[in-house]
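Just so we're aligned, residue 2 is where the sequence shown starts under this note's numbering, counting upward by one.
Input: a single structure, listed below in structure tokens.
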Amino acid sequence: MLSEATFFDPNLLRSVLTFVNVQLSFIIKILSLNGMNGLTPVKVPELFKTLPEFFVEDVMDLLIFILSETPELIVHCSCDSLAHGLLTLVCNADQFKNPYLVAKVVEVIFYTCPQLRPAAHSLHMAILNHPLAPANFFRSLVKFYSDVESMGSSTEFFDKFTIRFHIQAVFKSMWQNAQHKLVIIDFCNEADSNFIRFVNMLINDTTFLLDESLEGLKRLNEAQRIMDDVTQWNMVQEVRVTSV
2 MLSEATFFDP NLLRSVLTFV NVQLSFIIKI LSLNGMNGLT PVKVPELFKT
52 LPEFFVEDVM DLLIFILSET PELIVHCSCD SLAHGLLTLV CNADQFKNPY
102 LVAKVVEVIF YTCPQLRPAA HSLHMAILNH PLAPANFFRS LVKFYSDVES
152 MGSSTEFFDK FTIRFHIQAV FKSMWQNAQH KLVIIDFCNE ADSNFIRFVN
202 MLINDTTFLL DESLEGLKRL NEAQRIMDDV TQWNMVQEVR VTSV
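Rendered as structure tokens:
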């Protein structure tokens, strides 16, 4: 109880948000040492490559906690600065050896979606209305959607569905924004290799999840049939007790 009261103390969380902003600004400053071309560096500084993963991971974990539990506090941070940092990291996913770091950034943006956290609307709009977002954001998410097919982890098969769910929620929100909607339509009309790859992944995921759903319904129907037969159901229960 005491620890919860401490963790949820508004004054502490406001201080945490200040730290998050400063830390994220520090990371972006290092990334941009050699100059920036939009949201991507002209040349990735060697210093950026030496930064430990927890520099990004800890900041994202703090943001996920705040957005999950007390999203109303997000108004106390500099949304424009935070939005710039999040967009820069997402649009430079190729610079991270560990794709799970980028997945955490995507999860933060996911938690800002109005359909999930209305209180975080100001941060979400700061992300979508960033002057460089239309040219970079959607395409970067599409590429990352495809890239998570292989993440080098033993749990990658299941992890990718969670990550893609987060991305799809962001896509849904972007579709409600007139400027980003045009970007999405133009991207589809171009039908380049990234689009083809993205659609293939989408079809594969849909097919797999549909098959799993139908198989689950089949097992559910079988279980219901057994439960309706009192004698057979009692036998199943006895087998379970015996096996335990």
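Glycine is no exception: its CB is placed at the ideal position from the N, C-alpha and C atoms.
According to DSSP, is residue i helix, strand or coil?
i: P53; result: coil
i: T156; result: coil
i: T41; result: strand
i: D187; result: helix
i: L116; result: The residue you asked about is not Leu; residue 116 is Gln in the sequence shown. In the structure shown, Q116 sits in coil (DSSP, three-state: anything other than H, G, I, E or B).
i: S26; result: helix
i: V62; result: In the sequence on display, residue 62 carries Asp and not Val. Three-state DSSP puts D62 in a helix.
i: Q96; result: helix
i: Q177; result: coil
i: F8; result: helix
i: N235; result: helix
i: T71; result: coil
Would the beta-carbon of residue i fall within 8 Å of that of residue j?
i: A170; j: C114; result: yes
i: H167; j: F111; result: yes
i: M202; j: S141; result: no
i: L124; j: V106; result: no
i: V60; j: L14; result: no
i: L40; j: C92; result: yes
i: R118; j: P46; result: no
i: V149; j: P100; result: yes
i: S69; j: N22; result: no
i: L48; j: I31; result: yes
Check for me: the alpha helix (DSSP H) holding residue i runs from which residue to which?
i: G217; result: 194 to 229
i: L142; result: 134 to 148
i: A84; result: 80 to 91
i: A121; result: Taken as a continuous stretch (DSSP letters only), A121 belongs to no alpha helix (DSSP H), as it is neither H nor E.
Using 10 angstroms around the beta-carbon of residue i, count the other beta-carbons present and answer buried if the total reaches 16, otherwise exposed.
i: A84; result: buried
i: L210; result: exposed
i: S194; result: exposed
i: C78; result: buried
i: A127; result: buried
Consider the Cβ of residue i: report whether some Cβ of chain B lies at a distance smaller than 8 Å.
i: E157; result: Among the chains in the structure shown there is no chain B, since it carries only a single protein chain.
Margin query: Using 8 Å as the cut-off, can you tell me whether the region 152 to 171 makes contact with the region 60 to 69, which would need three or more C-beta pairs spanning the two stretches below that distance?
Written below: Of all C-beta pairs linking the region 152 to 171 to the region 60 to 69, fewer than three are shorter than 8 Å, placing the two stretches out of contact.
Check: With a cut-off of 8 Å, do at least 3 Cβ pairs link the region 94 to 108 to the region 117 to 137?
Finding: The region 94 to 108 vs the region 117 to 137: no contact.
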